[in-house]
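*Asks:* Quick one: the structure is below, questions incoming.
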Amino acid sequence: MEVLEATRGLDPKDPLRAKIDLALSRTRRALALYARPGEECELALSFNGGKDSTVVLHLLRAAAADMDYCSTSGGTEKGSNKMPFLTFFFPHPDDFKEITAFVEDCGREYKLDVHAFPSDGSVGFKQGLQHLVQDRGVRAMVIGTRAGDPNAKGQDPFCPSSEGWPAFMRVNPILDWTYAEVWSFLRLAKCKYCSLYDEGYTSLGSTKDTKKNEALLDGKTGTYRPAHALLDQEAERAGRA
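Listed below in structure tokens is the structure:
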């Protein structure tokens, strides 16, 4: 497993190693609590193809491999050919085609059990989560939320869903990670990520509210540097309306 190998190659005193080890510990705990072998899987991953959810996907893969849930090559869960968690996303007609293709590619390559809600908006976000909880038996959802995100206030690595929403446990393995650490991890472990990040995008929404980050524009060539080259982490969402 590339994530485990890359982590073990880091200096024990490297701050990134500590962040990865802690995030892996959180994902192992989530698997132990909600994806016990031989029992109905109660764990789901929110995977929209963005950089943060991509990190969490690979942390889950690494934790599952480390706990002998699956093979290191794909997702063979103890006699199965899938990863030991459900993966879901809410497609939209205004999504970048690159994002949609990336999510689909990951589903095939990593043998994910992907549940894609209708792209016509007929199933709202809350309604979709309710379906996962009531009809699919999901009790916990792993999310790529980080402390600087708009919806992160008051969240912990493990915290119940908000009042008025379907009842489930939110699992935030990388809540304390920075933008730079996200990219250090993806590049260290040689994880695949959406190609838009190499074209100057740093935060992805829809085609109607997302543009390339001007902080990455090379004034001499007129081209954009990749997302990992962003120096001002406060400018991560500068390309979002």
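Just so you know, we're using this note's numbering here: the sequence shown kicks off at 18 and counts up by one. A virtual CB, placed ideally from N, CA and C, is assigned to each residue, including glycine.
#1: Determine the contact status of residue 157 and residue 56, defining contact as a CB-CB distance below 8 Å.
#2: Do you know whose CA, among 196, 146, 142 and 155, lies nearest residue 163's CA?
#3: Closest to residue 201 by CA distance: which of 49, 231, 248 and 128 is it?
#4: Whole angstroms are fine: how far does the CA of residue 190 sit from the CA of residue 34?
#5: On the three-state DSSP scale, how would you describe residue 63?
#6: With DSSP run on the structure shown, which of helix, strand or coil describes residue 196?
#7: Just the C-alpha distance for residue 72 and residue 161, rounded to the nearest angstrom, thanks.
#8: Looking at the unbroken alpha helix (DSSP H) that takes in residue 146, where does it start and where does it end?
#9: Using a Cβ distance threshold of 8 Å, determine whether the segment 108-117 contacts the segment 211-230, with at least three qualifying pairs required.
#10: With a Cβ-Cβ cutoff of 8 Å, do residue 127 and residue 78 count as a contact?
#11: Based on Cα-Cα distance, which residue from 252, 229, 176 and 124 lies nearest to residue 242?
#12: Would you kindly work out how many angstroms separate the C-alpha atoms of residue 75 and residue 210, rounded to a whole number?
*Replies:* Reading from the atomic positions:
#1: Within the sequence shown, residue 157 is the residue found at index 140, counting from 1. Within the sequence shown, residue 56 is the residue found at index 39, counting from 1. Taking 8 Å as the Cβ cut-off, residue 157 and residue 56 do not qualify as a contacting pair.
#2: Taking the sequence shown and counting its residues from 1, one reaches residue 163 at position 146. When only C-alpha atoms are compared, the closest one is 196.
#3: Numbered from its first residue, the sequence shown carries residue 201 at position 184. Cα-wise, what sits closest to residue 201 is 248.
#4: Mapped onto the sequence shown, residue 34 falls at position 17. Mapped onto the sequence shown, residue 190 falls at position 173. In a straight line, the C-alpha of residue 34 is about 14 Å away from that of residue 190.
#5: Residue 63 sits at position 46 when you count from the first residue of the sequence shown. Residue state, collapsed to three classes: strand.
#6: Locating residue 196 in the sequence shown gives position 179, where the first residue counts as 1. The three-state reading of DSSP puts residue 196 in helix, counting H, G and I together.
#7: Stepping through the sequence shown from its first residue, residue 72 is reached at position 55. Stepping through the sequence shown from its first residue, residue 161 is reached at position 144. C-alpha separation (whole angstroms): 8 Å.
#8: Here residue 146 refers to the residue found at position 129 of the sequence shown. It spans 142-152 - the alpha helix (DSSP H) in which residue 146 sits, taken as one unbroken run.
#9: Taking a cut-off of 8 Å on C-beta distances, the segment 108-117 touches the segment 211-230, as three or more cross pairs fall below it.
#10: Taking the sequence shown and counting its residues from 1, one reaches residue 127 at position 110. Taking the sequence shown and counting its residues from 1, one reaches residue 78 at position 61. A contact, by the Cβ cut-off of 8 Å.
#11: In the sequence shown, residue 242 corresponds to position 225, counting from 1. Ranked by Cα distance from residue 242, the first of 252, 229, 176 and 124 is 229.
#12: As a first step, residue 75 is located in the sequence shown; it is residue number 58 there, counting from the start. As a first step, residue 210 is located in the sequence shown; it is residue number 193 there, counting from the start. So the alpha carbons of these two residues sit roughly 11 Å apart.
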